[in-house]
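One structure below.
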Ligand SMILES: NC(=O)C1=CN([C@@H]2O[C@H](COP(=O)(O)OP(=O)(O)OC[C@H]3O[C@@H](n4cnc5c(N)ncnc54)[C@H](O)[C@@H]3O)[C@@H](O)[C@H]2O)[C@@H](O)CC1
Ligand SMILES: [K+]
């Protein structure tokens with residue numbers, strides 16, 4: 146599913162109007178019908194409703210919703226804010242229709258606004274501004290937003306909470322943005338919905354289908370997309386009847402140190418549960434018995450060092466290398482890692498401490514083997530790129546890094562982003578907060594490593610791996626609950642996740 150910047154949404158709108166063809170006012174009618182259904186499905190006719198409409202088409206939507214809800218018997222009060230005496234044509238048309246309805250208490254505000262009483266029983270519908278917002282709200286509009294936010298009423302936002310920009314909100318005025326309980330967004334999600342710091346504004350979000358032109362969506366380029374199960378399913382290669390383990394690659398995992406054998410165990414198990422043919426784990430001597438006992442399926446190659454990774458190993462026989470989980474950051478490991486990366490031909494998944502070491506040796510970032518993937522969580526990314534003010538800036542910096550280092554990046558978070566060197570971002574919809582637990586990232590490394598070893602191209606390995614990891618987390622959450630689940634449960638659920646996307 147594509148995610149468009151606000152500028153493209155207007156064009157898409159116009160494309161639909163021209164090519165369907167449909168009159169602009171009828172497209173608004175279609176949007177309002179979908180919005181009315183979504184709202185009336187959740188709130189019954191007993192609910193007192195107060196609608197705030199702005200001067201553009203977002204306000205037009207709100208006025209059309211007011212008419213449709215009034216026809217269904219809701220008691221409504223409508224405030225249309227028109228400080229400049231200038232409404233968009235479709236907003237004007239809907240204003241005239243609402244004005245005529247006796248059952249609607251309609252107020253057009255040009256200067257003085259006496260705020261209505263809002264109780265916890267009230268439902269506020271926010272149609273002040275949508276995708277046409279071009280600067281942070283200020284003055285009278287900001288005052289209205291603050292009044293709504295300070296009220297105890299439930300708030301539903303039409304398309305996007307008023308005051309929130311569709312993409313960047315780094316320099317927005319946070320007090321002047323509607324804090325919605327629910328956002329009903331038209332057709333496609335906005336990029337801003339995917340950022341953690343915007344949840345307080347967006348609340349729960351739901352997409353409403355308004356049948357924007359499929360051709361238009363197809364033809365309009367965008368850098369942002371949401372992964373969907375159909376795409377993942379189409380990427381997975383079926384196994385041939387006469388396949389043998391040699392067909393599924395030999396992966397090398399360099400992980401673990403004294404006290405951190407668990408990270409290598411988790412990554413190794415996840416790798417084996419993701420279809421790899423063979424797995425060798427390179428680990429310090431002290432972890433040998435742990436690995437041999439807990440993962441009999443893996444081959445263990447011990448480092449000459451007792452407690453940490455200190456001596457690079459030959460990678461010629463491997464199709465992919467995973468490096469980082471539980472590695473530690475001492476000087477010997479640092480030197481070994483840099484040398485290892487310099488002489489490696491196979492694509493590498495770089496995670497955890499390996500990323501932290503690279504943060505101190507940024508020059509090495511530009512010499513990573515072709516097809517490599519970095520899997521930072523936000524803090525690890527910031528160690529590589531410098532401090533970021535918010536998720537949008539972090540995403541932009543990750544794009545710059547992916548471009549400069551010619552690598553793919555999986556930026557982990559609620560909607561993990563898979564970023565290509567060309568600047569495309571694919572957001573992952575699977576996963577849940579139960580996965581915010583130690584070892585969850587090691588599992589992801591193992592899954593992606595297995596896919597690279599099996600010969601999946603880098604972008605596909607990152608997409609499939611991230612999706613499956615989240616899906617396994619969702620299966621684990623159903624079984625164990627968000628609070629009780631641990632990283633090992635995600636591994637236990639990997640086989641079910643694989644079946645869900647491949648059978
Ligand atoms: N995307 C679509 O296909 C459809 C969009 N529709 C609605 O149309 C909306 C977009 O409508 P518009 O483009 O008219 O935009 P808006 O309704 O968001 O408002 C734009 C108006 O607000 C003014 N404005 C922008 N920023 C301001 C600020 N900070 N302070 C004061 N005034 C400001 C602009 O000058 C313009 O007059 C969508 O969000 C959606 O609700 C629907 O009607 C149907 C179809
Ligand atoms: K809105």
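Numbering (my numbering), first residue to last: 146 to 648.
Cβ coordinates follow ideal geometry from the N, Cα and C atoms, glycine included.
Legend entry - the stretch 508-524 / the stretch 539-558 touching (three or more Cβ pairs under 8 Å): yes
Inset, instruction - State buried or exposed for residue 161, treating a residue as buried only when at least 16 other CB atoms are found within 10 Å of its CB. - result: By one-based count along the chain shown, residue 161 stands at place 16. The residue in question, residue 161, is buried, as its Cβ has 16 or more Cβ neighbours within 10 Å.
Legend entry - When 613, 629 and 190 are compared against residue 416, the one with the closest alpha-carbon: Counted from its first residue, the chain shown places residue 416 at position 271. Minimum Cα distance to residue 416 is reached at 613.
Inset, instruction - Confirm the yes/no value for this check: CB of residue 203, any heavy atom of ligand 2, distance under 6 Å. - result: Residue numbering aside, residue 203 sits at position 58 when the chain shown is read from its first letter. Yes, since a heavy atom of ligand 2 falls inside the 6 Å radius drawn around the Cβ of residue 203.
Inset, instruction - Could you tell me whether any non-hydrogen atom of ligand 1 is closer than 6 Å to the CB of residue 679? - result: The structure shown has nothing for residue 679, since the chain only spans 146 to 648.
Inset, instruction - Assign residue 213 to one of three DSSP states: helix, strand, or coil. - result: Start at 1 with the first residue of the chain shown, and residue 213 comes out as number 68. It is helical.
Inset, instruction - Using the Cα positions of residue 506 and residue 408, report the straight-line distance between them to the nearest angstrom. - result: Taking the first residue of the chain shown as position 1, residue 506 is located at position 361. Taking the first residue of the chain shown as position 1, residue 408 is located at position 263. Roughly 23 Å between the two C-alpha positions.
Legend entry - For residue 323 and residue 233, the rounded distance between their alpha carbons: Counting from 1 along the chain shown, the entry for residue 233 is found at position 88. Counting from 1 along the chain shown, the entry for residue 323 is found at position 178. Rounded to the nearest angstrom, the two C-alpha atoms are 22 Å apart.
Legend entry - For ligand 2, residues whose Cβ lies under 7 Å from any non-hydrogen atom: 203, 271, 272, 273, 274, 275, 302, 303, 304, 305, 306, 307 and 323
Legend entry - Buried or exposed (CB count within 10 angstroms, at least 16 for buried), residue 490: The count along the chain shown starts at 1 and reaches residue 490 at position 345. Under this definition residue 490 is an exposed residue.
Legend entry - DSSP three-state assignment for residue 541, whether helix, strand or coil: Taking the first residue of the chain shown as position 1, residue 541 is located at position 396. Looking at residue 541 - three-state DSSP - the assignment turns out to be helix.
Inset, instruction - Could you tell me whether any Cβ in chain B is nearer than 7 Å to the Cβ of residue 619? - result: Of the protein chains in this structure there is only one, and it is not chain B.
Inset, instruction - Output yes or no for whether 7 Å exceeds the beta carbon distance between residue 440 and residue 413. - result: Position 295 of the chain shown, counted from the start, is the residue given in the question as residue 440. Position 268 of the chain shown, counted from the start, is the residue given in the question as residue 413. Their beta carbons are under 7 Å apart, which means residue 440 touches residue 413 by this criterion.
Legend entry - beta strand (DSSP E) segments (min. 3 residues) lying fully within the stretch 147-226: 194-198 and 221-226
Legend entry - Length at least 4, wholly inside the stretch 574-622: the alpha helix (DSSP H) runs in chain order: 585-598
Inset, instruction - Using 10 angstroms around the beta-carbon of residue 525, count the other beta-carbons present and answer buried if the total reaches 16, otherwise exposed. - result: Residue 525 sits at position 380 when you count from the first residue of the chain shown. Flag for residue 525 reads buried.
Legend entry - Of the residues 359, 218, 371 and 298, the one placed nearest residue 337, counting alpha carbons only: Your numbering for residue 337 matches position 192 in the chain shown. Of the candidates 359, 218, 371 and 298, the one whose C-alpha sits nearest the C-alpha of residue 337 is 371.
Inset, instruction - Note down, one range per segment and in chain order, each beta strand (DSSP E) of at least 3 residues found wholly within the stretch 250-337. - result: 268-272, 299-303 and 327-331
Inset, instruction - Grab me the residues of residue 433's own chain with a C-beta within less than 8 Å of its C-beta, minus the 5 sequence neighbours each way, in chain order. - result: The residue given as residue 433 occupies position 288 in the chain shown. The residues are 445 and 447.
Legend entry - Distance, residue 607 Cα to residue 328 Cα: Position 183 of the chain shown, counted from the start, is the residue given in the question as residue 328. Position 462 of the chain shown, counted from the start, is the residue given in the question as residue 607. One C-alpha to the other measures close to 30 Å.
Legend entry - Span of the beta strand (DSSP E), counted from its first residue to its last, around residue 571: In the chain shown, residue 571 corresponds to position 426, counting from 1. Run containing residue 571: 570-572, per the beta strand (DSSP E) assignment.
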